[in-house]
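According to the numbering used here, the residues represented by the sequence shown are 1 to 734, in order. For glycine and all other residues, C-beta sits at the position ideal for the given N, C-alpha and C. Only one structure is covered here, and it is reproduced in the block below.
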Amino acid sequence: MNRPGNGEPAPSDHKFGTFGGVFTPCTLTILGVIMFLRLSEVVGQSGFLNALIIVLLAKVITVLTGFSLSAVATNTRVKAGGAYYLISRSLGVEFGGVIGTFFFFAQAVSVSMYVIGFTEAFQNAFPSLGWSATAIATVTNVATFVCVYVGAGWTIRLQYGILAVLLLAIVSFFAGILPDVSLATLKRGMQPAYEPGENFFTMFALFFPAVTGIMAGANMSGDLRDPRRAIPGGTLASIAFTAVVYLAMVAALAAGRTQEALTGDAFVVKEAAWSGGLIVAGVFAATLSSALGSMMGAPRILQAFARDDIFRPLRFFAKGAGAANEPRRAVCLTFAIAQAGILLGDLDAIAPIITMFFMITYGTLNLACFYESRSSNPSYRPTFRFNHWSAALLGAVGCLAVMFLINALWACIALVAMVGLYRFIERAEIESRWGDVASGVAFERARQALLRLERERYHPKNWRPTILALSGGAWSRFHLAEYAHWLASSHGVLTLAQIITGDVEDRLERRAQAEKLLRKYISEEELEAFPAVIVEAGLNEAIKSLLQSHGIGGIRPNTVLLGMSREESRWAEYCRTLRFARDLGRSLAVVYSKEGGERWTPPPGSIDILWQGHKHGDLLVLLAHMLGENPEWRDRPMRLLATLPAKGDSENYRRELREVLGLARLDARLHVFESEDLFQTLAKRTGNTALLFLGFDPPTEEKEAEFLGWTNQLGRLTPDIILVCNAGGVSLEA
């Protein structure tokens with residue numbers, strides 16, 4: 001079984017605050033290549049109104065995701081790994097593995113998009129250079145790789161200057177286009193003018209990568225002085241600032257240029273600006289800084305992912321270099337993936353793929369926040385107060401809906417890949433060393449279900465076996481544990497109980513060790529059971545305590561399973577236990593097995609039920625049916641045995657028994673025989689029987705000796721026997 005680590009890198013010397021570590025990288029990534037090279041096309045084809053809706057819709061999704069990111073980030077100590085770290089620590093190792101894989105590839109492919117954007121701008125600015133697009137993009141990718149490979153510290157500081165250049169470029173654009181703004185142009189550009197094959201959602205897919213930079217700051221979580229404060233403040237400030245910029249640019253483009261001009265020139269932003277040189281510098285700055293940000297973020301995700309040891313082959317990428325623990329091995333892989341994207345060479349083709357990757361990541365992050373909120377787990381105490389489970393759920397549903405509206409086929413492929421990877425990790429049985437929300441959600445569901453069971457009126461239709469098996473050390477009485485498991489498997493709840501006699505204070509350590517061994521045994525044998533160990537002065541007192549106190553609400557034990565006592569010296573105590581359980585309203589299942597303590601396979605033969613009326617018969621039939629549902633018993637024939645009552649009409653009695661089988665919906669053969677000696681007849685009829693179900697009543701004190709003789713006679717029969725006493729609550733008609 002794999003055990004992922006804690007994903008914590010070595011301490012780093014370079015630590016940054018909210019502005020430098022989160023706001024700046026987020027803003028530089030958001031205000032990138034799409035703003036300069038594709039926003040004009042989105043406005044031209046979509047029209048002013050639809051372009052506003054596209055920007056607002058994209059921002060709504062990122063705001064909701066930003067809220068979820070802030071809530072989760074302020075609820076835990078954030079270490080390296082960004083969104084991967086947050087999701088894995090909330091939703092568990094399976095979702096963490098999926099998002100670690102998807103988000104890493106999304107970031108790595110984003111490098112391709114930004115480098116291709118830089119290439120288009122470079123060719124437009126220097127058309128006479130004569131270099132091919134692939135050559136320029138490759139050189140740029142190599143330069144980005146070298147910068148990040150050397151170290152992230154100076155790269156982050158360089159972003160301050162890049163941000164200044166970018167802001168100057170934006171100011172230059174508004175200064176140039178504002179004199180051309182007119183209400184008439186705006187009115188003419190209100191409605192969409194889509195080209196063939198384009199629509200609202202293709203334009204949304206083209207634009208959405210422009211707002212996916214909200215994780216850029218979180219990706220650098222290992223380099224932040226105070227991630228809990230920096231991630232919410234920097235991320236939401238960046239989302240708000242860039243929303244104002246995008247909305248203002250949409251309005252300026254729609255009012256300053258015709259739709260034909262907007263769709264006819266990919267670099268209309270440069271043409272409209274006060275200084276085209278500043279726009280070119282801004283494009284260079286935006287694309288290169290975004291490429292650098294993604295080239296820095298992706299390897300850190302992979303490194304944290306590899307440190308958690310979810311996929312053994314990725315261990316190679318866990319190792320860092322230098323005092324800052326730089327993920328240089330992961331940087332090399334990121335470079336290779338980015339170069340593969342560059343060879344694809346189409347910005348419009350890459351953008352929708354990145355959209356799917358980021359949508360899955362955003363949707364899962366919202367889902368993590370939703371589950372944390374709804375789990376009612378006391379450990380969920382985010383200091384970020386502007387969050388609610390409904391907003392997180394809306395964000396998750398919005399991401400899923402947008403995926404299908406953009407491209408249903410690719411959405412299905414992405415989700416199938418996500419489910420496949422999730423199942424792969426799940427089957428690997430990786431045990432995480434961190435707590436996640438799964439147990440909290442399970443607890444809350446169980447709590448609600450218990451309260452519902454407590455409120456609702458019981459009906460026999462809903463009877464399920466809730467078995468308390470007095471199995472002792474189950475490894476020494478395996479047949480009891482196995483029969484209990486078969487009777488409760490997939491239908492009810494099973495507790496394996498062990499009793500230790502003696503003084504409680506002197507046996508506490510022994511009790512803890514016994515429970516540990518019992519829990520280990522249940523796990524190794526793959527039994528669906530819970531352990532219970534109790535210490536009491538005497539055996540009878542211990543059983544009484546268990547029967548009265550074990551369980552909660554609607555899942556208190558309704559059936560006690562125990563072995564048949566073969567010690568005459570303790571027979572009276574054994575019979576008192578049977579009576580006490582019956583008087584408490586518990587049904588009884590007494591296993592009389594010929595097997596010892598070793599693991600065994602049921603002998604060949606049929607499952608037989610001795611019918612002696614509805615008093616115990618209804619429970620006999622139901623338990624036999626549940627036993628037959630198990631793979632070890634599924635192919636066994638089932639027989640209903642009955643003796644003809646004195647002076648009874650054979651045909652009428654057979655008809656009644658066939659009605660019983662009809663009510664029970666049981667596929668069983670019917671055998672009615674005449675005999676005054678029940679044991680003699682059973683001995684003849686059960687020669688090929690694997691297991692016999694037989695009804696009984698706990699004996700009164702006066703008839704304990706008679707009951708002992710009766711059980712001794714049963715012991716001479718060939719098959720295993722389960723004696724059943726029905727305490728009620730079961731009906732074949734339900």
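Taking the Cα of Ile337 as reference, the smallest distance to any Cα among Val560, Ala572 and Met295 is reached at Met295.
In this structure, Phe707 lies away from Leu610, with their beta-carbon atoms at least 8 Å apart.
Put simply, the backbone Cα of Val560 is about 50 Å away from that of Cys399. Between Ala690 and Pro603, the gap from beta carbon to beta carbon is short of 8 Å. Annotation: Met638 is outside any alpha helix (DSSP H); the continuous beta strand (DSSP E) that includes it extends over Met638 to Thr643. For Asp697, no beta strand (DSSP E) encloses it, and the DSSP letter there is neither H nor E.
The three-state secondary structure of Ala668, taken from DSSP, is coil. Straight through space, the alpha carbons of Ser390 and Tyr85 are spaced by roughly 23 Å.
Ranking Leu168, Cys147, Arg510 and Met113 by CA distance to the CA of Lys270 puts Leu168 first. The continuous stretches of alpha helix (DSSP H) do not include Ile310, and DSSP gives it neither H nor E. When rounded, the separation of the alpha-carbon atoms in Thr62 and Gly728 is 58 Å. Approximately 7 Å separates the beta-carbon atoms of Ser70 and Leu236; this is inside 8 Å, confirming the contact.
Comparing C-alpha distances from Ala542 to each of Gln513, Val504 and Ser40 shows the shortest one belongs to Val504.
Within the segment 590–622, the complete beta strand (DSSP E) runs of at least 3 residues fall at 606–611. Within the same chain, Cβ atoms closer than 8 Å to the Cβ of Glu704 are found at Trp571, Ala572 and Cys575, the five residues on either side in sequence being excluded. In this structure the segment 280–295 lies against the segment 98–117, because at least three pairs of beta carbons, one per stretch, are closer than 8 Å. Under the DSSP assignment, Phe145 falls in the alpha helix (DSSP H) whose first and last residues are Ala133 to Val150. By the neighbour-count definition (other C-beta atoms within 10 Å, threshold 16), Asp608 is a buried residue.
With a beta-carbon spacing of about 7 Å, Thr643 and Leu678 fall inside the 8 Å limit used to define contacts. Taken through DSSP and simplified to helix, strand or coil, Phe530 comes out as strand.
DSSP, read as helix, strand or coil, puts Gly585 in coil.
Beta bridge pairing from DSSP links Leu247 with no other residue. Beta-bridge partners assigned by DSSP to Thr466: Val493. Ranking Ala469, Glu568, Arg507 and Ala512 by CA distance to the CA of Glu528 puts Ala469 first.
In the displayed model, Ile500 falls within a strand according to three-state DSSP.
Selection Gly563, Ala133 and Trp131 evaluated against Ala589 yields Gly563 as nearest (Cα-Cα).
Shown here, Val535 sits in a strand according to DSSP, grouped into three states. Spatial neighbours of Thr501 in its own chain (CB-CB distance under 8 Å, excluding positions within 5 residues in sequence) are listed in chain order as Val535, Glu536, Ala537, Gly538, Leu539 and Ala542. In this structure, the CA atom of Thr138 is about 35 Å from the CA atom of Leu52.
8 Å or more divides the Cβ of Ile239 from the Cβ of Ala218. DSSP places Ile722 in the uninterrupted beta strand (DSSP E) bounded by Asp720 to Cys725. The C-alpha of Leu64 is placed about 23 Å away from the C-alpha of Leu39.
Under the three-state reduction of DSSP output, Phe267 falls in the coil class, being neither helix nor strand.
When the beta-carbon positions are compared, Arg257 and Ala273 stay at least 8 Å from each other. Runs of the alpha helix (DSSP H) lying entirely within the segment 536–574 and spanning at least 4 residues, in chain order: 539–549. Comparing C-alpha distances from Glu198 to each of Ser593, Ser46 and Ser88 shows the shortest one belongs to Ser46.
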